[in-house]
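A short worksheet on the structure shown next.
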Amino acid sequence: DVKVTQSSRYLVKRTGEKVFLECVQDMDHENMFWYRQDPGLGLRLIYFSYDVKMKEKGDIPEGYSVSREKKERFSLILESASTNQTSMYLCASRGVVTDTQYFGPGTRLTVL
Amino acid sequence: GENVEQHPSTLSVQEGDSAVIKCTYSDSASNYFPWYKQELGKRPQLIIDIRSNVGEKKDQRIAVTLNKTAKHFSLHITETQPEDSAVYFCAARFPSNDYKLSFGAGTTVTVRA
């Protein structure tokens, strides 16, 4: 079974703080993704990585950066958290031989 | 742009009835269309997908149909059960980028006992 884990289920941060969200997958998948999920907006892609040290902007990258130093780990960084970044953040991974994206359990981030 | 529109946003059905969710996409060259189900408090999981060279695919009580001419695809759930209550997301892969999926806004399905 593919396992995608995220470092926290719930996180509360203050405006201006630097926030790190981590995602780890155990299936040797090349591709990893970060989405945010908001009611009525579905899943919106923030950034993705098609291989180690490779990254590409998604549809809403502003205010975020990412890091992929190892194949199994993909980090999302909020350089200076703002209240409009309060959301559910979902990580996903995908291998090159399949189209299926496997999601992590999500991190609900609240920025006060 | 790469757009996927999903309707309806909410759907309430009586147990045993059918549910249909429809999605339209913007690029006629799109080639892959998955459906994900997200139960309350859980992660989205793939339930069925279809490729552009196929018109219909079934898996037990769920089916997906694709109309390439009209650029829309639909999820059909027959004989709905309480465990079908969830948020359903459609998605499409656009030819501009093989890695990305663009998701619809989601449909909250409630099955009434």
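Chains as they are written, first to last, in the working numbering: chain A, 1 to 112; chain B, 1001 to 1113. Just so you know, even glycine gets a beta-carbon here, dropped at the ideal spot from N, CA and C. Everything numeric in this text was worked out from a predicted model, so none of it was measured.
From the beta carbon of R1043/B, is the nearest beta carbon of chain A less than 7 Å away?
yes
Hey, does A1105/B have any beta-carbon neighbour from chain A nearer than 7 Å?
With 7 Å as the cut-off, A1105/B counts as an interface residue toward chain A.
Beta carbon proximity, L1040/B to chain A, threshold 7 Å:
no
Expressed to the nearest angstrom, what Euclidean distance is found between the alpha-carbon atoms of V97/A and G63/A?
32 Å
For the segment 92 to 106 of chain A, enumerate the residues whose C-beta is nearer than 7 Å to any C-beta of chain B, in chain order.
D99, T100, Q101, F103, G104, P105 and G106
Quick one: grab the DSSP three-state call for Q85/A.
helix
Alpha-carbon spacing of G1016/B relative to T1024/B, whole angstroms
27 Å
Classify A1091/B: buried if its beta carbon has 16 or more other beta carbons within 10 angstroms, exposed otherwise.
buried
Determine which residues share a DSSP beta bridge with A92/A and list them.
Bridge partners of A92/A: F33/A and F103/A.
Residues of the segment 36 to 53 of chain A with a CB closer than 8 Å to any CB of chain B: list them in chain order, please.
G40, L41, G42, L43, R44, L45, F48 and Y50
Interface flag, N31/A vs chain B, CB-CB below 7 Å
yes
Taking DSSP as the reference, what is the three-state secondary structure of E62/A?
coil
Neighbourhood of V1111/B by C-beta distance below 7 Å, restricted to the same chain and skipping five residues each side:
Within the same chain, V1013, E1015, T1080, Q1081, P1082, D1084 and S1085 come within 7 Å of V1111/B by CB-CB distance, once the 5 residues on both sides are set aside.
Where K1058/B falls, given that 16 or more other Cβ within 10 Å makes a residue buried
exposed
Express the C-alpha separation of Y1036/B and A1105/B in angstroms, rounding to a whole number.
12 Å
Considering A1092/B, what are the terminal residues of the beta strand (DSSP E) in which it resides?
A1086 to A1092
Chain A contact residues for Y1025/B, given Cβ-Cβ distances below 9 Å:
Going along chain A, no residue has its Cβ under 9 Å from Y1025/B, so there is no contact; the nearest lies around 13 Å.
Of all the beta strand (DSSP E) runs that stay within the bounds of the segment 1044 to 1107 of chain B, which reach a length of 3 or more residues?
1045 to 1051, 1056 to 1059, 1062 to 1067, 1072 to 1077 and 1086 to 1092
Give a yes or no on whether the minimum CB-CB distance between L1075/B and chain A is below 7 Å.
no
Nearest to S1026/B by alpha carbon, out of P1044/B, V1087/B, S1102/B and T1108/B?
Among P1044/B, V1087/B, S1102/B and T1108/B, the Cα nearest to that of S1026/B belongs to S1102/B.
P39/A (DSSP reduced to helix, strand or coil)
DSSP places P39/A in coil when its eight states are reduced to three.
If we count the other Cβ atoms within 10 Å of its Cβ and call it buried at 16 or more, is A1019/B buried or exposed?
buried
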